[in-house]
Every structure is written in C-alpha cells, then in structure tokens.
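In my numbering, the protein residues as written are 7 to 881.
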C-alpha cells in the first residue's frame with residue numbers, strides 16, 4: 007500500500023510539474039506559429055493584446071492544453087483604412103496534448119469565441135472589406151500547422167453588421183449565442199447545437215423590412231463527413247413566437263453542387279404566433295393580445311443548387327377567419343383572410359411566381375382588400391395588383407395602443423389597379439397597361455412625444471395612369487415648415503418593377519417658411535471618424551431618380567441665417583443635386599448661387615458659385631461660420647461688400663462643409679466701409695505713434711483671395727489711409743493663424759508724433775546712401791504673425807531709395823522682395839521687374855506663380871489657379 011501511495015504521489019508531482027512546465031516549453035513555439043500563420047494569410051493590421059498557454063486552465067478538457075488570446079483586433083488597409091473589420095474579446099482553443107508533444111500538426115479539440123464584433127462593408131466601388139486573405143498556392147498537409155478535431159464549439163455574444171453601399175442593404179445581427187457538440191474525429195457523427203439571436207434587423211435603403219426579429223434554433227444534424235451529407239431531424243426554428251419544424255437532407259456533392267431536400271411546417275403554430283412577425287404588434291403588450299382563427303404554413307426545397315440554377319421551392323400560407331384585439335381597447339381587427347403562395351419549379355429564379363390571391367380584413371367594420379400576382383420577376387416582371395380600402399386614422403387608437411402618440415387624425419383612402427409588364431413599359435406600349443386609381447389623404451395630423459416636429463397634411467392627392475403618377479395636390483406642414491408640391495412622376499411602373507428602372511419627375515415646391523434646422527442631423531464634433539465611417543453615415547441620393555423642379559420659398563432659416571425670396575431651379579440626377587441660378591436676399595444684400603451636391607464619392611462633394619451684392623460685414627460674420635473661421639476681421643468692419651466666389655469642398659454627414667477641404671477663389675469689392683479698433687493696427691500704432699489707424703475708411707477696395715485646403719491666401723492690395731498708403735498681403739489658416747506682411751508709406755513731413763520714433767529707428771538702422779539725410783517718403787515694414795485673437799507684430803528695417811531711383815520706388819522694390827520672400831521662399835526676381843509698381847510685381851508673381859509669360863492669355867480665374875499652383879510649388 008505504501009508503494010502504491012508513493013507511486014501515486016510521484017505521478018501527481020510529475021503531473022503538476024508538467025502543468026507548470028508546459029507553458030514555458032511550448033508557448034513561444036506555438037505563439038510563433040500562430041503569428042506566422044496570421045502574417046502569411048491576412049492582409050490587414052492585426053493586434054493581439056495577450057496570448058496565454060496553460061494546462062491548468064483547461065481542467066474541463068484535461069489533459070489538453072488551453073491556448074487563450076485576448077483583445078484581438080483586425081484593422082483594414084485602404085480603401086477602408088482604420089476601420090475595424092473584426093474584434094474578438096477572447097478566443098480559447100483546446101489543443102490535443104499529444105499533438106503538442108509530438109510537435110507535428112496541432113489538433114484543435116475545442117473552440118470558444120466571446121465578445122465578437124464583425125463589421126462587413128462593401129463600398130460604392132463594390133470592394134468588400136473582408137477580402138483580406140493573401141493569395142496562396144495549393145499547400146500540402148505538412149505545411150498546415152493546425153487541424154480541426156472539434157468536440158466542442160461555442161460562440162458567445164457575436165455581433166455582426168453588414169453594410170452594402172452599392173445597393174443600400176444594411177443587416178445587423180445582435181448577440182448571437184451558439185453552442186454545439188460533436189466528435190468531428192468520427193466520419194459519421196451527430197452534431198447537437200443551440201443558437202439564439204436577440205435581434206435581426208434588415209433594411210433596403212431607407213425602408214426597414216425586418217425589425218428586431220428574435221431567432222432561436224434547436225438543431226440536431228447527422229453529419230457524414232466522407233459524403234459531406236447533413237441530415238436534419240425535427241429541428242426547431244423559432245422566429246419571434248412562430249415555431250417552424252425543419253426536416254430533410256443537404257449534401258455538398260462537390261465544390262459546385264449542393265443537393266437539397268428540405269421541408270418545413272408550422273404545425274404547432276397559431277395565428278397569434280404569426281402576428282409576432284409584425285414588429286409593431288410584437289413590441290406592444292404582445293402577450294395580452296387575444297386572437298382567434300386558423301393558420302397553415304408550410305413549404306419545401308428540393309433539387310440541386312448549382313451556380314445560377316436553383317432547386318424547386320414552395321411556400322404556402324393560409325389564414326382563415328382570424329382576428330386580434332388588445333383587451334384594454336374597444337375595437338378589434340376582424341375578418342382576416344390571407345391566401346398566399348410562392349412557387350418555383352426549379353432552374354431559374356425567373357420561374358418564381360408570387361400569388362397572394364386574397365388579403366382581406368376589416369378595421370372598424372371598414373373593409374380593406376388586396377390581391378397581388380407576380381411572375382417572371384427577374385427578366386420581365388409581370389404584375390397584377392389591386393388594393394382598396396379606407397381608414398379613419400383617429401380610430402387607430404381604438405385597436406392599437408399608442409401611448410407615445412399625442413395626436414392622430416385624418417382620413418386615408420386608397421383605390422389602385424395596376425396590371426403591367428416591364429417589356430410593355432420599356433417599349434412604351436401603354437395600350438397594354440392598365441393603371442388607374444388614386445391615393446387621398448385629408449386633414450391628417452400626427453404628433454408624438456418622441457418626434458419634435460408634428461406633421462399636418464391638409465390634403466394629398468395622387469392620381470395614377472399608365473404613363474405617370476400625378477401629384478395633383480400636396481399641402482403639408484412639418485414642424486414650423488410648410489410645403490406645397492405639385493407635379494408628376496413618370497416611368498414609375500418601371501421603377502417599381504426593375505432595379506434598373508429610372509423614375510423621372512417634375513416637381514415644383516412653394517413654401518412660405520422653412521426651418522431647415524429641424525431637418526439637419528446632429529453631428530458629434532468631438533468624435534474622430536475614419537473616411538469609411540463617415541461614408542456610412544451619409545444619406546445617399548438615389549441613382550435612378552431624376553427630378554426637375556422650381557422652388558419658391560418666401561423665407562428659409564438655416565442655422566442662424568435667414569434667407570428671403572429664395573427662388574430658382576433645382577434638379578436631381580445621377581446621385582447629384584444641381585442648383586441653377588438660385589436667387590435670394592440675405593445678410594442685407596442679394597446672392598445668386600449655382601453649383602452641385604454629389605453623393606457619388608464615398609464622401610460627398612459640393613461646388614458652389616456665388617455672386618454676392620451688398621452683403622453686410624457684421625451680419626456675414628455673425629451668421630456664416632465660413633467667415634468666422636477664415637475672415638474674423640469681418641467682425642470689426644462696418645459697411646457692405648460685394649463678392650464673387652467659386653468654392654469646392656467635401657460635405658460632412660450633417661451637411662456642413664469640411665473646412666479643411668475648402669478650395670477655390672473669392673474676390674471682394676468694398677465700395678465704402680470703416681475698420682475700427684483692429685488689434686494689429688493698435689500694435690503698429692503703439693510701435694510707431696502713427697495716427698489714423700484706429701478708424702480706417704475703405705473706398706473702392708478690391709481684394710483677391712485663393713482658398714486652398716482651408717487656408718486663405720490674400721493677394722497684396724493697396725489701402726490709402728489719410729496721408730499714408732498701406733500695402734497688405736499674406737495668408738490665414740483655419741486655426742486663425744496669421745502670416746501677413748504690411749508696408750506703410752508716409753511722407754516725412756506727415757510723420758507728426760511718429761517723427762521722434764522714426765529718427766531713433768533710422769539711427770539704429772540707417773538707410774544706405776542717404777548719408778544721414780532723411781528720405782522724402784519712408785516705408786515702415788512689419789511682419790504679422792500669431793493668430794487673429796492674439797496677433798504678433800514685428801517691426802522690420804525701414805527702407806528708401808536714392809540715386810537714379812526715387813525714394814518711393816526704392817521702398818516699393820524692398821517691400822516687393824520681402825513679400826516675395828514670404829510667399830515664394832526667397833525666389834529672386836529679374837531686375838526688370840523693378841520698373842513695375844509694387845502691386846503689379848506682386849500680382850505678376852502671385853497670379854503666374856513666378857512665371858511671367860505675357861504670351862499666355864488666360865482668364866483671371868485661370869491665372870489665379872495657375873498662380874496658386876506656382877505659389878505652393880515654390881514655397
């Protein structure tokens with residue numbers, strides 16, 4: 007007995023020693039293999055925060071080894087750079103200890119994944135972000151370090167988001183749980199599993215088709231691994247409260263063929279469980295609903311799936327004499343009858359036939375009926391639709407609980423008949439098409455606790471014909487904004503029947519007042535988002551909608567800006583809105599605007615061309631964020647200006663311009679204005695004692711600017727001030743940083759209080775050639791930096807000219823060189839330029855980028871564009 011005890015003790019000591027030694031003996035090798043495989047196969051940035059190897063942590067699967075990895079993140083490369091494709095909170099692998107000790111293939115006995123987020127995207131160029139695997143040549147077994155021999159597979163808290171920008175499909179799966187068990191080392195095994203999903207949501211463009219569906223699947227599958235055959239026996243699928251029994255067989259014949267023989271039915275379901283598929287009903291005290299009626303739902307799939315060839319399938323739904331009622335409400339929805347079938351004989355999906363031969367119900371004893379028949383849905387959709395019904399909206403609260411709804415009134419009346427084939431539409435054979443009826447909404451009022459903008463529709467009338475839908479009348483008020491629309495929509499049947507169809511429309515909009523702030527999405531300015539994240543938030547303009555229209559808006563409020571008498575032409579085509587000569591009164595003047603807003607790129611772009619007349623400086627600063635960022639001096643100018651602008655920019659999801667992307671040109675003309683108490687001029691006065699800079703009168707001043715990546719470059723301009731002449735030029739950034747050069751010319755006999763300072767300045771910085779004499783005209787040179795809120799002013803050496811040149815010309819040449827050095831990076835000029843005025847020399851260099859070629863004839867706009875290119879190139 008003693009020997010046995012000693013033997014057991016020795017074994018335990020050896021076992022504990024092995025458990026302690028295992029991580030040290032094998033961790034580095036296994037981790038190195040894992041990283042090597044990631045690097046070999048994955049074309050993305052992968053980060054694994056922690057990897058741990060232990061024998062003791064895998065007691066439930068003893069004596070296998072546990073490999074744990076935490077906080078795994080895979081970030082995409084371009085064009086989704088910076089986006090998270092996959093994140094895994096924890097992954098645990100159970101490795102067969104024998105395979106680890108042999109050092110051959112590491113056999114994975116169990117896998118557990120927790121807290122997983124999958125972000126699948128397809129951008130507008132049809133590029134999928136999950137295509138991250140590097141191309142591989144065919145490998146033999148020896149080159150594969152891991153193999154699956156699963157006995158356990160668990161998924162905990164799996165979340166999936168799918169966003170396809172090419173077709174507007176968005177799918178989300180929230181909190182998926184899966185546990186399964188089966189011995190995959192056997193050729194034939196039973197795999198028993200349970201899967202639950204808290205919520206499935208799916209929408210196409212702006213239309214939600216599936217809302218918060220709860221899924222539960224209890225599955226038992228017999229797997230024949232040699233034949234790739236799967237037998238399903240009494241699998242139970244729950245969709246909300248609807249239970250479906252699944253049976254049958256699925257076999258992967260080869261890489262191209264899948265053989266199917268599956269059937270389902272809802273033998274245990276009733277009408278109430280079918281109602282659970284309607285999100286609005288399932289979310290409102292569903293357990294309290296009283297129902298009656300019969301339900302039959304079944305279907306099957308049989309045949310081979312290969313490429314574009316599909317197996318046959320059938321779905322049958324029958325609801326007979328059903329009704330439902332909330333016990334606390336007075337009315338019921340009664341006389342519900344539905345007969346619906348979806349059939350396909352196999353082969354092409356074009357063989358699918360949808361036949362809803364009956365859809366009847368009564369609300370408040372008012373009958374609603376509909377029929378729908380669709381054939382050849384792929385190649386040549388053939389549709390036969392009939393719908394008729396009336397609804398007193400005020401009665402809805404009698405059969406459906408609406409605690410959040412404050413007001414719901416009005417009457418809706420629908421009477422539609424449509425029988426058409428896509429080929430007849432395309433060939434304009436309207437004689438073969440039947441389309442008639444109307445939709446009318448009268449005196450509708452809708453307001454909820456959550457929606458801050460109540461909706462009022464006094465009248466809406468749509469009339470249908472084979473060629474178009476006529477918007478005979480549409481008066482509505484949303485919040486504070488009122489709209490009156492009138493026009494027609496052509497080719498609507500083709501648009502409905504085909505995803506390639508384009509709807510054309512003419513729609514005129516008249517409004518007395520629109521508060522655009524009620525419709526602008528909120529934007530979190532403190533959140534930094536990648537390009538593709540911003541692209542997902544953009545509300546895309548439709549590809550296959552073309553509209554032309556005229557707008558006449560008496561008053562429009564945008565942010566803090568009030569716009570009056572807005573009228574002009576707006577059209578929509580190919581994911582782009584075009585503005586054509588919109589005329590409006592604002593900021594004390596008038597503006598004519600043209601341009602476009604396009605959502606074709608991932609990040610929307612816009613171009614706006616303005617022609618502004620008599621805008622008030624102070625109002626422009628107060629109400630336009632553009633001037634607050636790029637021209638803060640506007641706040642200190644009294645008067646008005648006119649301007650021509652041509653600006654390009656990218657647009658953020660809240661429809662505001664991205665200031666860092668601004669590029670274009672802008673010219674300003676000031677007839678008469680006053681500039682008071684400018685901080686820069688205050689500091690110049692403190693340095694020089696020059697008088698008259700505290701209140702500057704502007705008369706007939708023209709200023710040209712170029713905007714590049716949010717930075718404003720100001721072409722040097724002259725500014726007469728009393729007996730002085732100021733020449734100003736430079737640049738300013740979005741951060742309000744300043745980079746200006748200022749020169750002030752003043753006759754010596756007009757210096758006044760500044761004469762003492764000037765004599766002292768010349769004593770320290772004598773002008774060569776004057777031999778101690780003072781010039782007739784002296785030029786003070788200043789370098790302005792810092793920012794608009796706290797500018798810095800540095801006084802440079804004064805300048806003058808002697809000999810054959812006048813003092814005035816000498817000072818101009820000196821100033822020219824200083825400005826050129828500031829803009830062009832010490833790029834010396836030809837001596838012949840000294841005969842030109844300061845303004846002419848600076849304009850030559852600014853507009854031509856240093857390339858003065860008189861033979862090149864271009865427009866001022868093109869000159870500025872060329873000049874800015876040269877400017878940045880030289881700098």
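Using N, Cα and C, we set each Cβ at its ideal position, and we do this for glycine too.
Are there 16 or more other CB atoms within 10 angstroms of the CB of residue i, so buried, or fewer, so exposed?
i           : result
residue 9   : Reliability fails at residue 9, whose pLDDT of 47 lies under 50, so the model's placement of it is uncertain and no value is given.
residue 434 : exposed
residue 493 : buried
residue 449 : exposed
residue 519 : exposed
residue 804 : buried
residue 758 : exposed
residue 472 : buried
residue 670 : buried
Who pairs with residue i in a beta bridge, going by DSSP?
i           : result
residue 228 : 196 and 237
residue 559 : 517 and 572
residue 647 : 621
residue 721 : Paired residues: none, contrary to the question.
residue 394 : 375 and 421
residue 436 : Residue 436 is not bridged to any residue.
With respect to the alpha helix (DSSP H) encompassing residue i, which residues constitute its N-terminal and C-terminal limits?
i           : result
residue 285 : 285–288
residue 762 : 761–770
residue 6   : Here the chain comprises residues numbered 7 to 881, so residue 6 is not present and cannot be evaluated.
residue 461 : Residue 461 -> not in any alpha helix (DSSP H); beta strand (DSSP E) instead, spanning 461–470.
residue 498 : 498–503
residue 278 : 277–281
residue 429 : 428–432
So, helix, strand or coil for residue i, using DSSP?
i           : result
residue 115 : strand
residue 686 : helix
residue 263 : coil
residue 270 : strand
residue 662 : coil
residue 625 : helix
residue 357 : helix
residue 318 : strand
residue 524 : helix
residue 729 : coil
residue 758 : helix
residue 330 : strand
residue 292 : helix
With a CB to CB cut of under 8 Å and the five nearest residues on each side skipped, what residues in its chain are close to residue i?
i           : result
residue 241 : 223, 224, 225, 226, 227, 251, 252 and 253
residue 700 : 682, 683, 687, 688 and 691
residue 814 : Reliability fails at residue 814, whose pLDDT of 37 lies under 50, so the model's placement of it is uncertain and the value that follows must be treated cautiously. Cβ neighbours of residue 814 beyond the five flanking positions: 751, 782, 783 and 807.
residue 263 : 310, 311 and 312
residue 350 : 316, 318, 319, 320, 357, 358 and 359
What is the residue span of the beta strand (DSSP E) that residue i lies within?
i           : result
residue 619 : 611–622
residue 308 : 296–311
residue 137 : Where residue 137 is concerned, there is no enclosing beta strand (DSSP E), given that its DSSP letter is neither H nor E.
residue 453 : 440–454
residue 343 : 339–350
residue 799 : 797–801
residue 753 : 744–753
residue 181 : 175–187
residue 588 : 582–592
residue 481 : 474–484
Keeping to the same chain, check which residues put their C-beta closer than 6 Å to that of residue i; ignore five residues upstream and five downstream.
i           : result
residue 496 : 474 and 510
residue 274 : 249
residue 499 : 426 and 431
residue 615 : 600, 601 and 652
residue 379 : 361 and 390
residue 750 : 730, 732 and 786
residue 365 : 344 and 376
Could you pull out every residue in the same chain whose Cβ sits closer than 7 Å to the Cβ of residue i, ignoring the five residues on either side in sequence?
i           : result
residue 393 : 376, 420 and 422
residue 317 : 266, 307, 308, 309, 310, 311 and 352
residue 773 : 781, 804, 805 and 806
residue 363 : 345 and 377
residue 483 : 462
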